[in-house]
Amino acid sequence: MGGNQSVPKITKQDRAILDLKLQRDEVKKYQKKIQVVLDREHEVAKQQLAAGNKDRALVALRRRKYQEGLLAKTDGQLENLEQLVSTIEFSLVEVSILHGLQQGNAALKEIHKELNIENVERVLEETQEAREYQREIDEMLANSLTVEDEEAVQAELRELQIETLGVHDAERPIHLPSVPTEEPVSPIRKPGTELQSQEEQRVPVAA
Amino acid sequence: MSTTLAPYTLPSGFVLPSIHSGPPFFTQQPSPSSRKIATDNWTRLILSYARHQKLFVLRTEDADIPGGEWDDVLSNPRINRKIRAPHLAAVIAHMVATDQAVYDPPNQTSAVLLYWRTPEEWAQVLYDWASSTGHLNTIMTFYEIVEPPVPSPLSDLPLPILRKAIAVLAKSSRAQVIAVADGEGVRFLTAPPGR
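Here the protein sequences line up with chains S and W, keeping their order. Read in our numbering, the first sequence has 31 at position 16, and its numbers run on one by one without any break. Read in our numbering, the second sequence has 893 at position 97, and its numbers run on one by one without any break.
Here it is, written out as C-alpha cells:
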C-alpha cells in the first residue's frame, strides 16, 4: 500500500513510446491479416486451376501479388516504427548515463573540496613539525640523566636480561675448565692389555 | 463388466487416469458423495490436461464437438462413452465456485477461462519472464507480451488473465499500467527492497 510512492511518474516520453508500440502492434496485426488473405488466394487459385478455370486462377494470383506488395510496404513501415522506438529507448538510456555521470562528477568535486593541495601540504608540514618536536623531547629527556644513572640503568638492563632470557652478556667473565696441572697418572699401555684390564674390572654384582 | 480400469497414454504424451476408463465416470452420479468425488476428479483432469496442452478456454459445447481440442478428455471412444453437456456445465460451475476457473465473458455460464495457474502464479511467471528478458523499466504493450515473436511461457495468454496478473503485480508496485487513447501498456518495475 505504502509502496505506491515508489512508482515512477508517467512521463510524456512514456506515452509516446507506448503510442508507437501500439502502432507497431497494429501493423503486425495487419500483416497477419494480409498473410491470411495471401494463403486464401493461393488456395483459391489452386482450386480454380483444378476445376479448369484458368482465368479465375489468374485473377486470384493477381490479387495475391497485390497483397504481397502491401505486405512488403508494411514491412518497411514496421521497420521505421521499430527503429524510432529503439532510438527513443536508447536516448533515454543515454540521458540516464549522463545523469549518472553528473552525479559522479558532483561527488568527486565534493571529495576534492576536502582534499585540496594546500590542505595536504599544511598537514604534511604539521606532521613534520610534530615529529621534530617529539625528537627534541626525546633528546632532552635522554640528556637529563647523569652518567652514573645511565650506568645503573645499563646494569639493571643486564640483570634483567640474565634473569629473563638467561643470556650472558659478553662483559661477564666466562668460566672455562682450567688446564690440568698434573701429569696424567696412568702410563700409555698397549691396546690389548688395556682391553683385558677393563674386562677384569667388570665384576658381577649380586642382585 | 469386463472393462479393466487402467491409465491410458494419449499420443500427445498426456496420461489419462484410470478412472477415465470407467463408464460411470461419464454419467452424472445421483448420490451426492460419489458425485462430489467424480466432480473433483473431473476438475483435476480438466486442469491438468489444460496445463499439458496450454488450453485456456473450455465451453460446455466442447462436450459435443467430436475431434475438438478437448475430445481426448471429454470422451473415451475405447469404452464408447462421452460426457454430456449438462454434466460438463455442472463440473464447470463447480470449478467457478472453487476459483479454479472464471466465466469469460462474464454474465454467461457456457464458457470459462481455466485457472490452471492462479492469477498470483501467473503474476510471478510474468515478472520472472520480464526480468529474465531484460524488460524491466521499459514500456510494453499487452499484445507484445502475449504474442511475442519468439514463444515464451506467456504466449497466447488470454488478456483477462494477463490483466489480473498485472493487477497483482501493480498491488505490490512491481508493475504500472499506462493508459493512452489507443490502448494500454504496462511497465514492469524493479522490485522494491524487502518485498
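Idealized CB from N, CA, C, for every residue including glycine. Note that this is a predicted model, so its numbers are computed, not measured.
Residue pairing by DSSP places Phe984(W) opposite Leu932(W) and Ala971(W) in a beta bridge. At a cut-off of 8 Å between beta carbons, Leu985(W) contacts chain S.
Here Trp918(W) is not near Ser948(W), since their CB atoms are 8 Å or more apart. In the structure shown, the three-state DSSP call for Asn872(W) is strand. Taking 8 Å as the threshold, the shortest C-beta distance from Val976(W) to chain S falls below it.
Neighbours of Arg150(S) in chain W, taken as residues at a C-beta separation under 8 Å, are lacking, since the least C-beta distance is about 55 Å. Residue-level contact check: Glu94(S) does not touch chain W, since none of the beta carbons of chain W fall below 8 Å from its beta carbon. One finds Leu37 in chain S with Cβ atoms closer than 7 Å to the Cβ of Gly979(W), taken in chain order. Apart from the 5 residues on each side of it in sequence, Ile815(W) sits with its Cβ closer than 6 Å to the Cβ of Phe821 and Asn837 in its chain, given in chain order. For Thr937(W), the C-beta contacts it makes with chain S under 9 Å involve Leu33, Lys36, Leu37, Arg39 and Asp40, in order along the chain. Straight across, the Cα-Cα distance linking Asn68(S) with Leu76(S) is about 13 Å. Per DSSP, reduced to three states, the secondary structure at Tyr45(S) is helical.
Taking 8 Å as the cut-off, the Cβ atoms of Leu33(S) and Gly981(W) count as close.
Under DSSP, Lys80(S) takes part in no beta bridge, so it has no partner. In this structure, the straight-line span from the alpha carbon of Ser968(W) to that of Val74(S) is close to 58 Å.
Among the residues facing chain W, Ile126(S) is not included, as its CB has no counterpart in that chain under 8 Å away.
Under the Cβ criterion (8 Å, minimum of three pairs), the stretch 857 to 868 of chain W does not count as touching the stretch 893 to 905 of chain W. For Tyr148(S), the three-state secondary structure derived from DSSP is helix. Tyr45(S) is the residue among Glu56(S), Tyr45(S) and Lys128(S) whose C-alpha sits nearest the C-alpha of Leu86(S). Between Ile25(S) and chain W, the shortest Cβ-Cβ separation is below 8 Å.
Under a 10 Å Cβ-count criterion, Asn872(W) is classified as buried, with 16 or more other Cβ atoms of the shown protein chains found around its own Cβ. DSSP, read as helix, strand or coil, puts Val898(W) in strand.
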